[in-house]
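Below you'll find the structure, written out as structure tokens, and then a few comments.
If you want it as structure tokens, here you go:
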């Protein structure tokens, strides 16, 4: 059984992945009921599911579907705590898209 690729992205790649499932690592900057905002090299609004338990200022990895308004509907969220090197995260994101043939199928 093949699993669907979840390309690792940041805010600057959202518009290239509308209606697709992606993986994002960012810092939680606000929580408001069933929504949250993370900073993943830019601001991303999240629509949380009941299983998402985020903490303000912690890093979170989200697997979710990019909506037409460029928000993300969370399918799964994992709290990574407060000790994440976001420069390294951005380097991984950049490598993912520079060598996309390794990580995901692209239509371009």
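Residue numbers (full-length UniProt numbering): 1 to 108.
Note that CB positions come from ideal geometry on N, CA and C, so glycine has one too.
Would you mind sorting residue i into buried or exposed? The rule is 16 or more other CB atoms within 10 Å of its CB.
i, result
"residue 68", "exposed"
"residue 22", "buried"
"residue 50", "exposed"
"residue 102", "exposed"
"residue 26", "buried"
"residue 41", "buried"
Does the Cβ of residue i lie closer than 6 Å to at least one heavy atom of the ligand GDP?
i, result
"residue 80", "Questions concerning the ligand GDP fall outside what the structure shown contains, since it holds no ligand whatsoever."
Secondary structure at residue i, three-state DSSP: helix, strand or coil?
i, result
"residue 61", "strand"
"residue 98", "helix"
"residue 106", "coil"
"residue 43", "strand"
"residue 11", "helix"
Express the C-alpha separation of residue j and residue i in angstroms, rounding to a whole number.
i, j, result
"residue 98", "residue 92", "10 Å"
"residue 19", "residue 64", "10 Å"
"residue 29", "residue 11", "14 Å"
"residue 57", "residue 36", "11 Å"
"residue 84", "residue 54", "15 Å"
"residue 104", "residue 72", "19 Å"
"residue 7", "residue 94", "11 Å"
"residue 62", "residue 45", "11 Å"
"residue 196", "residue 59", "Within the shown structure, residues of the chain are numbered from 1 to 108, placing residue 196 beyond reach of any answer."
"residue 88", "residue 33", "30 Å"
(message) Report the start-end ranges of each beta strand (DSSP E) in the segment 46-93 that is 3 residues or longer and not cut off at the edges.
(response) 59-66, 72-81
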